[in-house]
Structures are given as C-alpha cells and as structure tokens.
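Line order of the protein sequences matches chains A and B. Start counting the first sequence at 1; every next residue gets the next number (our numbering). Start counting the second sequence at 331; every next residue gets the next number (our numbering). For each residue, glycine too, the CB sits at the ideal point set by N, CA and C.
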Amino acid sequence: MPELNLDKILASLDLRISEVTLPDEYDQISKDYLGKDSLLAEERKKLPTLSNEDKKTYGKKLTELSKKIESKIASSKKQFILDTFQKKEKDEFTDITIDWNRNEGSYKHILSSVMDEVVNIFSSIGYEVAYGPEAETSWHNFDALNTPDWHPARYESDTIYLNSDLETLLRTQTSTVQIRHMEQNDPPVYIVAPGRVFRSDQLDATHSPVFHQLEGLAIDKNLSFTDLKGTLEYFTKEFFGENIETKFIPHFFPFTEPSAEVLVKWNDGSWLEILGCGMVDPNVLENVGYSKEYKGFAWGVGIERLAMLRYKIDHIKNFYENDIRFLEQF
Amino acid sequence: MKLLRSWLQDWIDLTDIDDTDLSTALESLGFEIEDYKLINPDYKNIIVGKVLEIYPHPNADKVRVTKVDVGNKIYEIVCGAWNFEEGAIVPVALPNSYIKDSFKIDKRDIRGVESNGMICSASELNLWDEHDGILILDESFKIGSDLSKTYNSTDSYWEVGVTPNRGDCMSYLGIARELSTYFNKKLKKIEKPLNPKLKPVLKVNSGKSKLCSSYQSIEIENISIKDSSFLIKYRLSNIGVRIINNVVDYTNYVLHDIGQPLHAFDRDKLYGTISVRKAKEGEKLKTLDEQIRTLDNDDLIITDNNEPIALAGVMGGFDTEVTNETQNLLIESAYFDKVSIMKTSRKLNLISDASVRFERGIDRNIQAYGLKRFTNLYELDENIQYSEISDSSKQTESENFITFDTSLIESILGQLIDNKFIASTLKSLSIENEIKKDTIKFKQPSWRYDLERPIDLIEEIAKHYGFNNFKSTLPIGNNLNQVGNYWNVRKYFIDKLSLEKFNETQSLSFTQKEYNEFFDPDKEGVKVLNPIDQTQEYLRTNLYYSLIKIYKFNYDQNNFSGKYFEINNIYNNSTNKNYKKIPKQDYTLGFLVPDNNSDINPMQYIASLLRKILPGVSFEQLSKPGFHQNNSYLIMADNKLVGHTGQLSYLLKEELDVSENLFMTQIYLEELNFVGLNITNYKPLSHYPFIKFDLSFKVNRDLNANDLIQEVENLLKNNENSIKIFDDYAFEKTRNLGIRIITRSYEKTYNEKENTEILNMIVEKLTSKFNITLNEKGE
C-alpha cells in the first residue's frame, strides 16, 4: 500500500498559505493541492491497482486529507479577508469634531416659530386663527374696546396715526381682531389672532415701533373666570413645561373685567409677567351686538417677550435687523 | 405709589405681619411690586447732643468751636456750619463713629484745636438732601440717645403700581383700606377736632362751572416759614419728595397721606372773592415756575376778583405764592373734574403729584378732611390761629343703589362665593350694601369711581377672594386642530421656502417715499401722521426694498449672499375691498434670490420653484418699474393674477450699489386657498422596465423648452414618463437643446422594434411641429 507523507503535504500547504498576499491566490492553492495535477490526484490514480481492503483504507485516508486541505484553505481565506478589512478599517479614522457646513438653523424666523408654537397650543384646544387689518380705525382700536377718548394711550406720543383727524391708525394691540371677528361672526367664538402691532417708539435695545402679539378670545354661553385660568395655565405648561408655576394678579384693562396679569416663576425664583387677560367687558360685547347670554374671556401675549425669555435674547432690535448671524441661530 | 412700612403703620396695625406677607398682600390686591428694599441708617454711633457754648477758633475765622453735651460727657468739637446757636440740639458724630458711605470719624486736629468728632448735617447722615448746614433736632430728642433709636430708622420700602382705575389708592389711606380688608384688621381713624378762633377774611366760591364741585379753604395766621419736623422730612424724603419748608412739605404730606391735593396761597396777596371758572381764550397767568402761560377755554382757573391766580389742580400762580416772608396762609382744598385737569396738564406738559391724583379722581367728600389734616399737623409744631373752614361745595346728587342677582357672581367667576365673605369684604371696604339671598345692592363710595356696574363689584369680590384661590377648568373650543386658511397658507409657504434654504426675515413696516416709488411709482403710499423719524414716513407699498436692504446688509457686513423671504402686509391708499375707511393692505409673500454663480439661472430657478409650490401657475411677461425689461413676469395661478417676479433692473442695481443681480418675487397670499395649494396628483407606478432616449435638437433662440416637454407628454400620455431638459447651450445664433425621455408602459415590456417606433414617432412629431432638427450623434 502506497504511503503518502501527509504531514509533509500539510506543512507545505501551511507555508504556501503563509505567503499569500492577495485573496485570489487561494484559487491557485486549491488547484495545486486539490486539482487534477495535484499530488492527491496522483495518489487517487493508484487506487484501482490496490487490493479491496487497501483500496478502502487508502481511499478513506485520501478523502480525509482532501477534506482537511479544503477546510484549511477555506478557513484561511476567510481569515485573510477578515484581516484585510479589519486592517483597512483600523486605518480609517474620522475627526467628527469638524463642522464643514455653516450652522444654518431652521431658516424660519424665531418670531414665526414662536407664533406657530403658540398657535398650535391653542389649536390643540379648539381655537382657530383669525386675521384683522393692521391699519385700523380708532374705533376698533379704542372705542369698541371700551377705551374712553381721554385715555392716555390715545396720545400721539404712543400711537401712530394715519390721518389728521386721528380716525385711522396702526393698531396698538391685536385686541382689534376681537372686534373685527365678532362683527363678522356669530358666537360661539374661539379664536387666536397672532400679528403685528405698532407703537411710536424708535427701534433700540428695549423698544421697537413694530412688535408681535397673539390675541385670544373665547365667547360662549357658559364661560367663566375659572375657564380663563384653566386655559392660560394649560398654555403656560405647554409652552414652558409641565412644572412651571403660574400665578394671576389683578390688573386693569379697559376691555376686560375682572382683568389679570399672568406671571410665571422663572429658574432664578423671580416671577415674570408674560400676558394680560380678563373676562370680556360687557360693554365690548354690547358694542358688537352680541346677546347678553354670551360671555367669555380674552388674553394677549407678547411674542417677542416669549422668545426673549426662552432664548435669553437681550435686544429686541435683533428681531428686526435680520443679521444672518442671528437668523442662523434658530 | 411709594410706601413706607412705618407710615402705613399710622393707618393699620402691621406689627404681626412681616414684609413677605405684606408683599403678597399688595400683589394679590393688584398693586404690582416694582421695587422693594429695606431701609437702614447709613450711619453708626451718632448721638443726640446739645450745644452748650460756641466760641471763635483761635486760628481760623471760617469755623467755630463748640462745647457739646452728649449726656454723659461734654466734648469740644470744631464746626464749619453757622446755622445754629447755643442751645441747639444736634446729631453728633463722636470719635469712632461712622457717617454715610461708611466714612469713619475720629479725633482730628483742626488748625491747632482738637475736634472730638463732628456735628452732622442731614445729608452727611444720608437722611435727606439738605445742604443748608447741620441738622437741627427739636426738644423731643433726648440728649445722649443714639439717633438711630429716636425714630423708625429701620424701615421697609415698596414702590407699587396703581392701575389707572384706582385713583383712590394713590394715598396711604387708600392702600391701607385695601390692606385692612385683606388682613381683616381695622382701619385706624386719624382725626382731631379743630379749634378755630378766627373768622375767615376772604370769601370763597366754587363758581358756576360744573368742573369744580367743591372748593373749601382755611386761613391760618401768624405762621413762620421754617423746616418741617424730623418725621415729616424723613417720610417725604424716603418716598422721593423734595423737602422745601413746612408749608410745602405739609401740603405734600397730606396729598400722599390721604390723597387730597392742597394749595397754599399767601393770604395777604389775595384781595377779593376766591372763585373758580374756565379761562378766557388768550387770558394770561404767570405760574410758580415764572413762565407766562397763555390759557384757553378748556383750562380751569382759580380767580381772585375774577383775575387768574392759579391753574386749578395743575400749578399755582407766581403772584400769590408763599414766600419766606409769608405770615398768613389760605389753604385750598378742592375737587376738580378729572378730564379737565388731564387736558390742561398734558397740554402744558405740567404733570405733578397733584394733577395725577385729580386726573384719576380724588374722593368727592374729603376736602374738609384734607384741611383738617394739614392744620392738625401744623399745630403740632407751632402755635397758630386759624379760621373755620369756608365751604363752597355744590349739591351733588347722591349715588343710587345698584342691584343685581347674586347668581351673576357664580356665572361670571365660575365658583360660588359665600354671601358672608361678600358682606364682610364690602363692609371692610366701606361699600354700603344690602345683601339678600338672591340679590345684592351696593352704593358707590365717594372715592370709588371704578364701581359703577355689577361687573365692577364682582371684580372687587374676586380680587379680595384671591385670583389664585379660584379653581381652574379647561373648556375646549369648537375648532379643534383647525387653524384656518390664513394660517395654513402662511405655514405652507414658510415650510416650502425654508426647505429651499430661504432665510425668513421680519422687517419694519415703515419706509421712505422714494423707496416705495422705485417699484410702485403709480401707487399712492400711506403716509404716517406722526412718523418716528424721517426715514419712516410711509408704510411700505412692497416688500422688495426691505428684502434688498437685508440682502445688502448681510452681504456688506457678513460677506454672506443668501436667499430671503418675508410674509407681511404691504399697504397703499387705494380703497380696501374688505374694510371701509382704512387703507388697502395686502398680506404678501416676498422673496429674493441673488445670482451668486450657482449652476442654475435664478430666473429659471424661481420659475421652477413656483411651478413646484403654486399649482396651476403660469407666467406672462410684462415690464414693470424697477425691473429688467425681459426678466419680469406676472404670476398667474389658475388664470388669476397672484403676483410678480423679475430681475432688479441694472439701473437700480447700480443706484443701490448692489454687487450681484437680484431676482425678486411677490405673491399676494389672500388670493390663495390652502386646499388648492395642497393638491398632489398621484401617478401610479409602472412595473415594467423603462426605455430611455437622450435627444439633442437644433432649435430657435425663442423656443419654449416646456412646449417640447408638453408635446412629448402628450404623445406618451398613456405611459409613466419622466421628461426633462438636460442641456441648453446657446452659441452665437445657434442653440442646442438636450431632452431626456424616460418612459414605461403600464402594460408590457417594450421590445427592440417598439422602442425604435416610439423614438421615430417622437422625433418626427417634434421636428415637424416645432421646426427643429435632430442633431446626429456626436454632433
């Protein structure tokens, strides 16, 4: 029975494998050790000449060797590919601390974003957005809102007028939309009106001739002061977070009674005013011809103030200069 | 209103109430706290002393040497002030004491005489502003006592806001009345009977005008003008009132204490009947500040023998003012009409503590009490003789009871409030009332102009009940998650344009006439009557100039060339479709694209962007002022005019010193409907492989590429197609247009033959219809 030096063959295979530099070389190795010109194939050719018993024994031996070679090549090839990729990955390193792009922000103006957020909060409890003109009549801005003709707010030092008889002006408050909306719609009314208002102030760090308010109005048959409280507490929680503390202190507005200011408790423990509100004065409802069975509440919130509080913006001027360095931050 | 704890204590016992509780009470009652601080003496170890002797300094004539008794010892002190005599009681800073700003006082040699400290002035102790010399104390100050123990030297101070409807709270009495209700404590009565020994010399008469319903006066004789008492000076100076002399200080004190403004005349400068009337047109009066005021028929004046002597409630006259020589006084205490005083004081820009109180409305029945308080204070300091009060008040109608149903309270406040609470609150506030099971009757007190209707009383009840003691309930409106068309359209464009990396801007609505006229020479701008400055005289008729300004600002300041948009109103003076009386205002989107050398022509970019975001859009070329003659288009949506787009004219680009070509668009948002904007026509996906042709044609310069695309779309209308221009190259008079056609059948896979048939059909149709020629490959 021929005797093949198996160890020698396997040792030479190990040597070949250790010299591999490219994955394709494994094909040649397979061919050399298992192919038709291989030593193994030569030995197989001898099999028919052997006795039955030897044939069986030697054949088995050759098959085992062939399997061994096959698995050795396969596992080595797998390891070789794995090693190659691992080495490639180890050599690849990215410095993710570099920002190649400008910090571009949302492209939306922060006042728009804040207005939209406030609108969404009220929309989620059933308020629609109403719209009214910015250039207004004095009647809508003052008289209909129960503001007497001698009231200081009417002075030209505060209000921007558009004609010499002081009959038209730029609205000083979004409360005008209450009147416009009620003139055109029957109750019940649940609206918010975000928009621009105007005062006779030069643009500087703390003043602007243009700023934004959001007016809210709810008129229905059974609305009361506790509803006003619940609604505005819902808003402060949605906007500032569930844990915000809110308090109501009495105030005066010509067009609401009782009137209140809403304060929230800030991180540093101080209380900050964020909006004015109240039960709509019966005179206002009478001015728009609503029947006495309807009543409700209204509020007004300054959008710049909300944005300044939340984002710690110190100059109101920033909102209207449109410096790209400011716009990009939001 | 500025409050001292020690002064409030006159009216209400606060001993067991700390500052925090007091602050909470004030705020809960509607007095916004604008400032709060503790007052502590700004000095240490200052002793009350008595000057025993004064003699000249041996080496200096500007100072004197004194011997001062400080209780247990007598010290020699050098003093530079001359306003005191032997016997004066004065504050003394002995060695090892501190005056204001922690300045330490020690023994000091003053030109050869050792001075054991110093005698202090009020300003050296930071008490009040008084530079006339050292502070002279009265006999009530005990020699040897620590000055800080002789009065309320530690105190608390609040500055609170009083809302315009609550004129009655512009005094200590008014605030104390509210606090007494809050703390359930008695409001003290401060009143001593007068003991008049004189008959008034002058007659007073409140006149015919309804604007003065009460005019009362008292005459005081043999007074001397001097400093007020320590207490009065301490209190007034700590609430920011300037110390003048006993007459002025006491009138000021009464004003702050009970809210009644008083005016002091030098009685000996008055001759006839004192009366009140409206001024005649052009009548003149020299006021205290030595200005000659020309009056008109709106001004209310005080007269003497019909000649003006004072502007009622606003300012006294120069000729009748109290001076250092005044011996006899006439003190006026009157009620003047709110609006009349407001008009005069605003017109003349004379706003004083008195005018502010008249404006908001003082108590109608407090005039005599004001005179009593003044006289009571004065007689504490000085032996004076005074007349009885002359009263010329008009009969005014007494207030009627107002009645309403108790149920109204719960209906408005949302919570039942106990009748007992209501009764005790109204009683404590001195509001006359009658509470039955189902009805409440009340009468307006003479100081409460804000209580005219049931709702006014309900507010009062709610306030004293405490707003924060009400429960909270959340009603849900009838428009759940429906913001409506106006807001939806706005959001639609903000979302679309921010995705395209346009920066949203907010700019002021004001501009100059010439900037409006760059683009809208034919529109009449809206002029502002009282503009903030010359650059803000008009409302803008367009958003174009604002956008250019922002573009240019960031280009020049930040080296940044970007795309911008703004959504806001533009205005002009044509008639307003929707509203009467007010100018036309259009809610408008404006956007700007600079030509900053990107691959795409900005005009094409804008057109394609608008095709994407405005369904049914079409363009109609039309020249407009301020724009490029050809690159200027009206924007139509479903054949309705909705806006304009175009390139800034080269002339304006040069005039405005802009570096890049700018392309600007305006869209009138009120013309658009959100439902219409949000249409997307879904196209089903074919499951068969695509065939693709890239074709290049020689075409005329004025051909619209979209016409070719539409034609191909039409030819392949039963397929799923993607047809795009991939190349547009013009050179001299030639123009090559590359069109890429990708198409799929919904029914089958095209074979080679069908593929060729389709290609030929397209080429044949396009070349014949548009008179163009196909470029052979490689051409």
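Rounded to whole angstroms, what is the Cα-Cα separation between residue i and residue j?
| i | j | result |
| --- | --- | --- |
| K515/B | D343/B | 7 Å |
| L1036/B | L1089/B | In the sequence on display, residue 1036/B carries Asn and not Leu. If you take the alpha carbons of N1036/B and L1089/B, they lie about 19 Å apart. |
| Q836/B | T1010/B | 31 Å |
| E1109/B | S1052/B | Residue placement at E1109/B is poorly supported in this model, since its pLDDT is 48, which falls under 50; the coordinates still yield a value, given next. Taking the straight line joining both Cα atoms gives about 25 Å. |
| I569/B | L333/B | 7 Å |
| N1168/B | I555/B | In this structure chain B extends from 331 to 1109, so residue 1168/B is not present and cannot be described. |
| L382/B | T396/B | 7 Å |
| V284/A | W139/A | 12 Å |
| I824/B | N627/B | 57 Å |
| K68/A | L34/A | 11 Å |
| E469/B | V443/B | 30 Å |
| D143/A | N287/A | 9 Å |
| Q657/B | V422/B | 33 Å |
| G474/B | V378/B | 5 Å |
| N426/B | T581/B | 40 Å |
| D852/B | Y868/B | 15 Å |
Please work out which residues of its chain come closer than 6 Å, Cβ to Cβ, to residue i, disregarding the five sequence neighbours upstream and downstream, and give them in chain order.
| i | result |
| --- | --- |
| Q951/B | Y963 |
| L680/B | V644, M645 |
| I562/B | D579, Y583 |
| N818/B | F1004 |
Keeping to the same chain, check which residues put their C-beta closer than 8 Å to that of residue i; ignore five residues upstream and five downstream.
| i | result |
| --- | --- |
| I125/A | T231, Y234 |
| T1097/B | F1027, T1103, L1104 |
| H958/B | G976, Q977, L978, S979, Y980 |
| D1058/B | A1035, R1065, N1066, L1067, G1068 |
Starting from residue i, trace the alpha helix (DSSP H) both ways and give me its first and last residue.
| i | result |
| --- | --- |
| M994/B | Run containing M994/B: none in the alpha helix (DSSP H); it sits in the beta strand (DSSP E), 992-998. |
| G269/A | It is not in any alpha helix (DSSP H) - G269/A carries neither H nor E in the DSSP assignment. |
| G59/A | 52-91 |
| E406/B | Careful: E406/B lies outside any alpha helix (DSSP H), inside the beta strand (DSSP E) at 404-409. |
| D179/A | Looking at the sequence itself, residue 179/A is Ile, so the reference to Asp does not match. Its alpha helix (DSSP H) spans residues 176-184. |
| T705/B | 697-711 |
| V1006/B | At residue 1006/B the sequence reads Gly, which differs from the Val that was named. Looking at the DSSP string, the run of the alpha helix (DSSP H) that includes G1006/B is 1004-1007. |
| I739/B | 737-743 |
| F688/B | 683-690 |
| T1097/B | 1082-1100 |
Please find out if some non-hydrogen atom of the ligand MN comes closer than 8 Å to the beta-carbon of residue i.
| i | result |
| --- | --- |
| F890/B | Ligands displayed in this structure: none; no statement on the ligand MN is therefore possible. |
Going by beta carbon distance, what residues of the same chain come within less than 7 Å of residue i, once the five residues before and after it are set aside?
| i | result |
| --- | --- |
| I791/B | I739, I747, I752, T755 |
| E104/A | E328 |
Under 9 Å between C-beta atoms, does residue i make it to chain E?
| i | result |
| --- | --- |
| A792/B | Of the protein chains in the structure, A and B, none is chain E. |
In the DSSP assignment, find the unbroken beta strand (DSSP E) run with residue i in it and report its ends.
| i | result |
| --- | --- |
| G302/A | 295-302 |
| F198/A | 189-198 |
| D1196/B | What the structure shows of chain B is the stretch from 331 to 1109, and residue 1196/B is not part of that stretch, so it cannot be assessed. |
- Jot down the residue ranges of each uninterrupted beta strand (DSSP E) in the segment 930-974 of chain B, minimum 3 residues, whole runs only, in chain order. 947-951, 957-967
- Message: For the structure I just gave you, are there three or more beta carbon pairs, one from the segment 684-693 of chain B and one from the segment 496-506 of chain B, closer than 8 Å?
- Response: Yes, the segment 684-693 of chain B is in contact with the segment 496-506 of chain B.
- Query: Any contact of the segment 293-301 of chain A with the segment 224-239 of chain A, i.e. 3+ C-beta pairs under 8 Å?
  - Reply: yes
- Kindly confirm or deny that the segment 638-652 of chain B and the segment 589-598 of chain B touch, where touching means at least three C-beta pairs closer than 8 Å. yes
- Item | Every unbroken beta strand (DSSP E) within the segment 208-249 of chain A, with a cutoff of 3 residues, ordered by chain | 210-220
- Query: Along the chain, which unbroken stretches of the beta strand (DSSP E) at least 3 residues long are found entirely within the segment 1017-1052 of chain B?
  - Reply: 1021-1028
- Are the segment 22-35 of chain A and the segment 78-89 of chain A in contact at 8 Å, needing three or more beta carbon pairs? Using a C-beta cut-off of 8 Å, the segment 22-35 of chain A makes contact with the segment 78-89 of chain A, since at least three inter-stretch Cβ pairs fall below that distance.
- Item | Cβ contact check for the segment 257-265 of chain A and the segment 169-186 of chain A: 3 or more pairs under 8 Å | no
- Item | Three or more C-beta pairs below 8 Å linking the segment 911-918 of chain B and the segment 994-1004 of chain B | yes
- Message: As an exercise, report each continuous alpha helix (DSSP H) stretch of at least 4 residues that is fully enclosed by the segment 826-850 of chain B, in chain order.
- Response: 843-849
- Task: Would you list, in sequence order, the uninterrupted beta strand (DSSP E) runs of no fewer than 3 residues that lie entirely inside the segment 588-670 of chain B?
- Result: Contiguous beta strand (DSSP E) elements confined to the segment 588-670 of chain B occur at 592-596, 603-608, 614-616, 622-624, 630-634, 637-641, 659-666, taking only those with 3 or more residues.
- Counting Cβ pairs closer than 8 Å, one from the segment 195-203 of chain A and one from the segment 162-176 of chain A, do we hit at least three? yes
- Query: Does the count of Cβ pairs from the segment 757-776 of chain B and the segment 726-744 of chain B closer than 8 Å reach three?
  - Reply: Under the three-pair Cβ rule at 8 Å, the segment 757-776 of chain B counts as touching the segment 726-744 of chain B.
- Query: Can we say the segment 310-330 of chain A touches the segment 91-105 of chain A, given the rule of at least three CB pairs closer than 8 Å?
  - Reply: yes
- Task: Return the chain-ordered ranges of every alpha helix (DSSP H) run that is complete within the segment 134-172 of chain A and spans a minimum of 4 residues.
- Result: 138-141
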